[in-house]
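**Student:**
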Ligand SMILES: Nc1nc2c(c(=O)[nH]1)N[C@H]1C(S)=C(S)[C@@H](COP(=O)(O)O)O[C@H]1N2
Ligand SMILES: [Mo]
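Residue numbers (the numbering used here): 391 to 758.
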């Protein structure tokens, strides 16, 4: 990429046939995904949860960490981690998915973190609800947005910035939005935002600001880079695009059998092969999961675990009994929520955001 292209501030789209570059490899090596076999765990073990960090993991000392709450409030607050930990604590099981999940499979490929399908995980987050803190600070009656800023700093498409995201006030006041210091019963790990992060159940990952240092209540919509330029569903370079918000429905399967080391193609033996995975949606209740064992020609309903009222923001398990016959085949799985079904063909946008095309798994069925 030339400096001019960089300063033009637009996401780059790969040339037809252009392979993954070293810049994308560098991002992929820093930001790892969930190994899909780890879909077996209800709660993703910490080291297996996906990670996405735009810049560097900042240095952070929990003993001196401070969170400032200001802007359009009557009483600005400054809180240490121990002040926050003395407040009512809740633990909530929440699925996170990166808005760029599936990007590397788009044609043409938006050049960025090249996720295949694995930018997802479900953790038990411990923290305190945000809304009472905002109320205590005294919200101005004309407040509309809340901006959340992390301690990490960098340059993105020519713009120097602290990582910051705005949320509409009504979303920030939802009782399930948390300021979090714990993950899976342990202190938050550095890569997941230690010592403090935001969790916004139902929204794509970019909203869950890590290394949170500042909350600013705004009387105008937030116009920072990560809302105004990044995370938009733009279809061409002049299109401002709709903002990326809530997670679209998706199902994934833990690939059955055993893999080829290099191709990741799967092998199973003919006969009964149990298929299983997870499904989720952040925008509407899930209604069905369907599986195809013939490359998408026919679909059968999978067994979807009932919604667990104790964990409304977690993924749900699904299973399907497959009788495999010898030969090559392609397995697909798709989720449906109250607003629609996952597309079989990708819906393209310049940044490769909120792309929920179906998973395809190539399997060779061997003689029993
Ligand atoms: N401060 C800060 N917060 C951030 C990011 C970041 O780069 N900096 N990345 C966001 C994105 S794009 C995602 S997908 C999630 C990933 O969270 P995880 O790494 O804990 O899985 O964090 C979000 N919060
Ligand atoms: Mo992300």
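Note that CB positions come from ideal geometry on N, CA and C, so glycine has one too.
What are the boundary residues of the alpha helix (DSSP H) that includes residue 561?
**Tutor:** Unbroken alpha helix (DSSP H) run through residue 561: 559-562.
**Student:** Tell me where the alpha helix (DSSP H) around residue 587 begins and ends.
**Tutor:** First-last for residue 587: 587-589, but that is the beta strand (DSSP E), not the alpha helix (DSSP H).
**Student:** Would you kindly work out how many angstroms separate the C-alpha atoms of residue 673 and residue 689, rounded to a whole number?
**Tutor:** Straight-line Cα distance between these residues: approximately 24 Å.
**Student:** Expressed to the nearest angstrom, what Euclidean distance is found between the alpha-carbon atoms of residue 534 and residue 451?
**Tutor:** Each residue's Cα considered, the two are about 32 Å apart.
**Student:** Using the C-alpha atoms, what's the distance from residue 423 back to residue 393?
**Tutor:** Its pLDDT being 35, under 50, residue 393 is placed unreliably by the model, and the measurement read from it follows with that caveat. The straight-line gap from Cα to Cα measures roughly 30 Å.
**Student:** What do you get for residue 476, buried or exposed, if any count of 16 or more other CB atoms within 10 angstroms of its CB means buried?
**Tutor:** By the neighbour-count rule (16 or more Cβ atoms within 10 Å), residue 476 is not buried but exposed.
**Student:** Verify the contact flag: residue 544, CB atom, against every heavy atom of ligand 2, threshold strictly below 8 Å.
**Tutor:** No; taking the cut-off as 8 Å, the Cβ of residue 544 has no heavy atom of ligand 2 nearer than that.
**Student:** Distance check for residue 697 and residue 765, CA to CA, integer angstroms please.
**Tutor:** As displayed, the chain neither begins before 391 nor continues past 758, which places residue 765 out of reach and without an answer.
**Student:** Beta-carbon separation of residue 586 and residue 474 under 9 Å?
**Tutor:** A contact, by the Cβ cut-off of 9 Å.
**Student:** To the nearest whole angstrom, what separates the beta carbons of residue 440 and residue 511, a pair I think is in contact under 8 Å?
**Tutor:** Indeed, because the Cβ distance is near 5 Å, the residues count as touching under 8 Å.
**Student:** If you pair each beta-carbon of the segment 676-694 with each one of the segment 717-733, do three or more pairs fall below 8 Å?
**Tutor:** Cβ pair count under 8 Å is three or more, so yes.
**Student:** Assuming residue 495 and residue 502 form a contact by the criterion Cβ under 8 Å, report the distance between their Cβ atoms to the nearest whole angstrom.
**Tutor:** That pair is no contact at about 13 Å.
**Student:** In whole angstroms, what is the alpha-carbon distance linking residue 742 and residue 500?
**Tutor:** Residue 742 and residue 500: Cα-Cα distance of roughly 6 Å.
**Student:** Around the C-beta of residue 621, are 16 or more other C-beta atoms found within 10 angstroms, so that it is buried, or is it exposed?
**Tutor:** Result: buried.
**Student:** Within 10 angstroms of the Cβ of residue 553, are there 16 or more other Cβ atoms? Answer buried if so, exposed if not.
**Tutor:** Classification for residue 553: buried.
**Student:** State yes or no: is the C-beta of residue 443 nearer than 8 Å to some heavy atom of ligand 1?
**Tutor:** Residue 443 Cβ: within cutoff of ligand 1.
**Student:** Taking the runs of the alpha helix (DSSP H) that are 4 residues or longer, which of them lie wholly in the segment 606-669?
**Tutor:** Correct list: 615-618.
**Student:** Restricting to runs no shorter than 3 residues, where is the beta strand (DSSP E) found entirely within the segment 674-711?
**Tutor:** Those beta strand (DSSP E) runs which fall completely within the segment 674-711 and span 3+ residues are 676-682.
**Student:** Give the DSSP-derived three-state secondary structure of residue 592 in the structure shown.
**Tutor:** Looking at residue 592 - three-state DSSP - the assignment turns out to be coil, as it is neither helix nor strand.
**Student:** Is the Cβ-Cβ distance between residue 540 and residue 601 less than 9 Å?
**Tutor:** Contact flag set, yes.
**Student:** Under 9 Å between the Cβ atoms of residue 614 and residue 399?
**Tutor:** Cβ distance not < 9 Å, so residue 614 and residue 399 don't count as in contact.
**Student:** For residue 736, which of 497, 401 and 573 has the nearest alpha-carbon?
**Tutor:** For residue 736, the nearest C-alpha among the options comes from 497.
**Student:** Between residue 461 and residue 516, what straight-line distance do the alpha-carbon atoms span, to the nearest angstrom?
**Tutor:** Answer to the nearest angstrom: the Cα atoms are 26 Å apart.
**Student:** Taking 9 Å as the cut-off, decide whether the C-beta atoms of residue 426 and residue 644 are in contact.
**Tutor:** Contact flag set, yes.
**Student:** Taking 8 Å as the cut-off, is the C-beta of residue 743 nearer than that to any heavy atom in ligand 1?
**Tutor:** No, the Cβ of residue 743 stays beyond 8 Å of every heavy atom of ligand 1.
**Student:** Give me the residue from 662, 523 and 704 with the minimum Cα distance to residue 434.
**Tutor:** That would be 704, whose Cα lies nearest to the Cα of residue 434.
**Student:** Any heavy atom of ligand 1 within a distance shorter than 8 Å of the CB on residue 602?
**Tutor:** Yes, since a heavy atom of ligand 1 falls inside the 8 Å radius drawn around the Cβ of residue 602.
**Student:** Is the segment 626-634 touching the segment 660-672 in the sense that three or more CB pairs, one from each, lie closer than 8 Å?
**Tutor:** Flag = no, the segment 660-672 and the segment 626-634 do not touch.
**Student:** For residue 437, does the count of other Cβ atoms within 10 angstroms reach 16, so buried, or fall short, so exposed?
**Tutor:** The residue in question, residue 437, is exposed, as its Cβ has fewer than 16 Cβ neighbours within 10 Å.
**Student:** Could you give the first and the last residue of the continuous alpha helix (DSSP H) run that contains residue 772?
**Tutor:** No statement about residue 772 is possible, as the shown extent of the chain runs from 391 to 758 and does not include it.
**Student:** Would you mind sorting residue 596 into buried or exposed? The rule is 16 or more other CB atoms within 10 Å of its CB.
**Tutor:** Looking at its Cβ environment, which holds 16 or more other Cβ atoms inside 10 Å, residue 596 is buried.
**Student:** Thinking C-alpha only, which one of 714, 605, 659 and 717 is nearest residue 465?
**Tutor:** If we check each option's Cα against that of residue 465, 605 comes out closest.
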